[in-house]
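Right, one structure below, let's go through it.
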Amino acid sequence: MTPEELHDVGQKHREQDAKTPHHVRVCMAAGCMSQKSDEIKKTLEKAIKEKGASDPCKVKCVGCMGLCSAGPLVRVDTEGQDSVMYQNVTVDDSSEIVQSISDGKPVERLVCDTNVPFFAKQQKIVLENVGEIDPDSLEDYISVGGYSALGKALAEMSPAEVRSEVEASGLRGRGGAGFPTGLKWGMMARNESETKYIICNADEGDPGAFMDRAVLESDPHRILEGMALAAYATGANHGYVYIRAEYPLAIKRLKNAIRLAARAGLLGHHISGTRFSFQIEIRLGAGAFVCGEETALIASIEGKRGQPKPRPPFPAQSGLWGKPTCINNVETLANIAPIVNKGGAWFASIGTEKSKGTKVFALAGKINNTGLIEVPMGITLREIVFDIGGGIPDGLSFKAVQTGGPSGGCLPDRHLDMAVDYDNLRDAGSIMGSGGMIIMDEESNMVDVARFFMEFCMSESCGKCIPCRVGTYQMHNLLDRIAEGQGTHEDLALLEELCITVACTSLCGLGQTAPNPVLSTLRYFRNEYLDLIGEQHIPAFVGQEASQ
Amino acid sequence: MAWLTKNSGTMQIERREEPYLDDALKAKLEAEVIIRYPDRRAAMLPTLHAVQHQVGWLPLQALAEIGAFLGVAPSEVMDTASFYEEYWLEPKGKYVIWLCQSITCELLNRESLMQKLQAKLSIKPGQTTEDGKFTLMNVECLGSCGTAPCALVNETLHEDLTAENLDQILDALE
Ligand SMILES: Cc1cc2nc3c(=O)[nH]c(=O)nc-3n(C[C@H](O)[C@H](O)[C@H](O)COP(=O)(O)O)c2cc1C
Ligand code: FES
Chain A
4 MTPEELHDVG
14 QKHREQDAKT
24 PHHVRVCMAA
34 GCMSQKSDEI
44 KKTLEKAIKE
54 KGASDPCKVK
64 CVGCMGLCSA
74 GPLVRVDTEG
84 QDSVMYQNVT
94 VDDSSEIVQS
104 ISDGKPVERL
114 VCDTNVPFFA
124 KQQKIVLENV
134 GEIDPDSLED
144 YISVGGYSAL
154 GKALAEMSPA
164 EVRSEVEASG
174 LRGRGGAGFP
184 TGLKWGMMAR
194 NESETKYIIC
204 NADEGDPGAF
214 MDRAVLESDP
224 HRILEGMALA
234 AYATGANHGY
244 VYIRAEYPLA
254 IKRLKNAIRL
264 AARAGLLGHH
274 ISGTRFSFQI
284 EIRLGAGAFV
294 CGEETALIAS
304 IEGKRGQPKP
314 RPPFPAQSGL
324 WGKPTCINNV
334 ETLANIAPIV
344 NKGGAWFASI
354 GTEKSKGTKV
364 FALAGKINNT
374 GLIEVPMGIT
384 LREIVFDIGG
394 GIPDGLSFKA
404 VQTGGPSGGC
414 LPDRHLDMAV
424 DYDNLRDAGS
434 IMGSGGMIIM
444 DEESNMVDVA
454 RFFMEFCMSE
464 SCGKCIPCRV
474 GTYQMHNLLD
484 RIAEGQGTHE
494 DLALLEELCI
504 TVACTSLCGL
514 GQTAPNPVLS
524 TLRYFRNEYL
534 DLIGEQHIPA
544 FVGQEASQ
Chain B
11 MAWLTKNSGT
21 MQIERREEPY
31 LDDALKAKLE
41 AEVIIRYPDR
51 RAAMLPTLHA
61 VQHQVGWLPL
71 QALAEIGAFL
81 GVAPSEVMDT
91 ASFYEEYWLE
101 PKGKYVIWLC
111 QSITCELLNR
121 ESLMQKLQAK
131 LSIKPGQTTE
141 DGKFTLMNVE
151 CLGSCGTAPC
161 ALVNETLHED
171 LTAENLDQIL
181 DALE
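Just so you know, the sequences run in chain order A and B. Just so we're aligned, residue 4 is where the first sequence starts under the working numbering, counting upward by one. Just so we're aligned, residue 11 is where the second sequence starts under the working numbering, counting upward by one.
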């Protein structure tokens, strides 16, 4: 499609939509879907049909609306009026909701107040379409400006210009390490080769993280557009999305999106009648966390065990089948289209000095509002936990927030007023990671948390390098002993020594960062270790305790 | 643990007459998968997925057939298949229950659900019920931490699990 055709499709779709004064949006992301939101949609449609409403009213499937803890969520949008959001909707509420539309009076008992900090404090770039559009409809995406960035780049910009916008934006990779995306693309562009690859890393494996899943399920075209822009900017012609097999719904939506985009000529040969060609394939992972590491991911696509390789050479120099390969995270790619459309300077105006833009976090654990949020970089942890997250349930007090999954750490309350960005988090002994935030309350036992993550790293270690394979096993043993109250001071000293050794000598990020949860809990909650070594024993893990 | 492999030096492979990787599947893989890659080995994971989808699991004979089909040694197929947790080198039940064992689910009491499942089905994680109906597995974070604890039953995600709704979910399965 040419930019003009895109514009026409979008225009037509918007006009079509405008003929329907009422839109009922039903969340169809995995969270609400598991609570039967698909049946709610059916009963809503049935109720509308039965009423034979005088005003046309359309039910629309959309992606995640964010507040997963209050799902299933339904939103009624009426032209010229404020939207009404309903929470905890059940099948039986359908006819009442439909009735309320013609009465013009919302169903009070289901209303979810959207004037609360959970919604008001967020700033949406990555998630701007999430919860608004139907992920299975290409026209819906186009009608909110989708693929216009690709059209613009192909028609008006050279690859170098696209790269320089991305560089100017200051965007850093959202997959964990925070490597500047513009730099990565520059490296990739400099390496001449007939074949180059773009890989979208959708292997989201960090415990506690579900941002990428929500984006893929709710706005899959955004990722395809980002990949196509990355390909254009770096001279690549093939793309792979490496996605976890545990995300069946995301896979289905992505496959459908690729099919629709290819049929519309937005992927494939000679896109928009230009010389630029780009195709995308989906590759399913098979349950190995380490395959999120870029060199392991490449090995897995090549059909081998997912074991990492030493770098350099970096994938941008020699990656998939020895060709230059650029690997970017889902959320990184979701930021590209807005950057191309609105310019790098606009993006760089959001956030802090060294961390630009917004970040999507997945709030989970002991917090009132669990779900998906997007906030500008530089917001404080306190605002996230207490304003947006609504604080800790059951009148308990906050103890720590875990960020960065098994590569990150636990931060105590004295860091609550810290501005969240890559550098501050690292200095505090954690990392940004992919964006999981697990909140722990006073009942959580930090030694058990450390042991938990170590167990994860131990079982996910690919076994190629000894420090990680043996080190995680031994550290887990020590943690086990300490947590069971049988540890000694020597055990603790040995544990600390091992942490340093494994961090310094492991082959890939998995081993290098595996000690982080231990180191950060030792730094902030050392007393809990000491208590366990000394006479007193605190009760074990909250989960186990409650189950006994 | 991904890095543990079996000692297969003295193992006898059980064989059956008809191949697991039949001609129809071969033709489909050639047309839809292999054609897209610069070499045949790259089709390893999709081929393993496809055979597993058709057969239900990956018998050793199937691994050998895949090796011949893709032009790699059977031992290399085994090497790759055994690395990934999602490939079944033993038969699995009609329904696989993947109960999330990650941190958020753990914080929100998944352990009691595990106990309950073990008692109800009389199996431990990794095992299959005698009637071949259920296999119980632990799995890492399913990305539904906002509505933890959760489990995947085959391809359907169930969230906000409690002892009661878990019962209902399992009882509703044929
Ligand atoms: C053990 C390990 C697991 C990783 N898992 C993921 C993952 O699930 N998703 C992801 O995007 N990046 C993951 N990464 C980071 C990638 O290696 C890589 O840095 C990233 O995909 C680059 O994309 P970005 O520059 O857009 O962040 C992982 C790294 C390590 C060491
Ligand atoms: S921890 Fe269970 S879904 Fe994330």
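We put the beta carbon where it would ideally sit given N, CA and C, even for glycine. Every value quoted in this text rests on a predicted model; they were computed, and no experiment measured them.
Interface flag, residue i vs chain A, CB-CB below 8 angstroms
i          : result
Met-3(B)   : A query on residue 3(B) cannot be resolved here, the shown segment of chain B reaching from 11 to 184 and no further.
Thr-172(B) : no
Thr-157(B) : yes
Thr-138(B) : no
Gly-153(B) : yes
Thr-145(B) : no
Phe-93(B)  : yes
Glu-129(B) : Note that residue 129(B) is Ala in the sequence shown here, rather than Glu. So, not an interface residue.
Tyr-97(B)  : yes
Glu-100(B) : no
Ile-113(B) : yes
Val-149(B) : yes
Arg-25(B)  : no
Burial state of residue i, where buried means 16 or more other Cβ atoms lie within 10 Å
i          : result
Cys-507(A) : exposed
Asn-530(A) : exposed
Lys-7(B)   : Past the boundaries of the shown model lies residue 7(B); chain B is included only from 11 to 184, so the question cannot be answered.
Gln-38(A)  : buried
Phe-544(A) : Confidence at Phe-544(A) is low in this model, with a pLDDT of 49, below 50, so its placement is unreliable and no value can be given for it.
Gln-310(A) : buried
Glu-207(A) : buried
Thr-524(A) : buried
Thr-93(A)  : exposed
Beta-bridge partners of residue i, as assigned by DSSP
i          : result
Gly-412(A) : Thr-406(A)
Phe-144(B) : Tyr-105(B)
Ala-175(A) : In the sequence under discussion, the amino acid at residue 175(A) is Arg, which differs from the Ala named in the question. DSSP lists Pro-183(A) as partners of Arg-175(A).
Contact with chain B by residue i, beta-carbon distance below 8 angstroms
i          : result
Phe-281(A) : no
Glu-207(A) : yes
Phe-213(A) : yes
Pro-162(A) : no
Thr-117(A) : no
Ile-441(A) : yes
Pro-120(A) : no
Ser-550(A) : Because Ser-550(A) sits at a pLDDT of 41, beneath the cut-off of 50, its placement in the model cannot be relied upon, and the point is left open.
Cys-71(A)  : yes
Phe-350(A) : no
Glu-305(A) : yes
Endpoints, the beta strand (DSSP E) within which residue i is located
i          : result
Thr-172(B) : Run containing Thr-172(B): none; DSSP gives neither H nor E here.
His-272(A) : Note, His-272(A): premise wrong, no beta strand (DSSP E); not H, not E.
Trp-349(A) : First-last for Trp-349(A): 347-351, but that is the alpha helix (DSSP H), not the beta strand (DSSP E).
Arg-286(A) : 282-287
Cys-329(A) : 328-332
Phe-364(A) : 361-368
Val-62(A)  : 60-65
Glu-377(A) : 374-379
Ile-442(A) : 439-444
Tyr-89(A)  : 87-89
Cys-203(A) : 200-205
Ala-161(B) : 161-163
Thr-184(A) : Not the beta strand (DSSP E): Thr-184(A) falls in the alpha helix (DSSP H), residues 184-193.
Range covered by the alpha helix (DSSP H) that runs through residue i
i          : result
Asn-530(A) : 529-536
Arg-28(A)  : Arg-28(A) -> not in any alpha helix (DSSP H); beta strand (DSSP E) instead, spanning 25-30.
Thr-277(A) : First-last for Thr-277(A): undefined, no H or E at that position.
Gly-229(A) : 223-237
Ile-51(A)  : 40-54
Arg-454(A) : 449-463
Tyr-245(A) : Where Tyr-245(A) is concerned, there is no enclosing alpha helix (DSSP H), although the beta strand (DSSP E) it sits in stretches over 241-246.
Asp-106(A) : 97-106
Top-ranked residue by Cα proximity to residue i, from the options
i          : options                                           : result
Ala-267(A) : His-224(A), Lys-255(A) and Gly-295(A)             : His-224(A)
Glu-386(A) : Trp-349(A), Gly-436(A), Asn-372(A) and Phe-292(A) : Asn-372(A)
Ile-485(A) : Ile-353(A), Leu-227(A) and Tyr-532(A)             : Tyr-532(A)
Cys-60(A)  : Gln-19(A), Glu-220(A) and Arg-308(A)              : Gln-19(A)
Ala-422(A) : Leu-384(A), Thr-406(A) and Lys-402(A)             : Leu-384(A)
Lys-307(A) : Thr-57(B), Ala-78(B), Tyr-47(B) and Glu-86(B)     : Glu-86(B)
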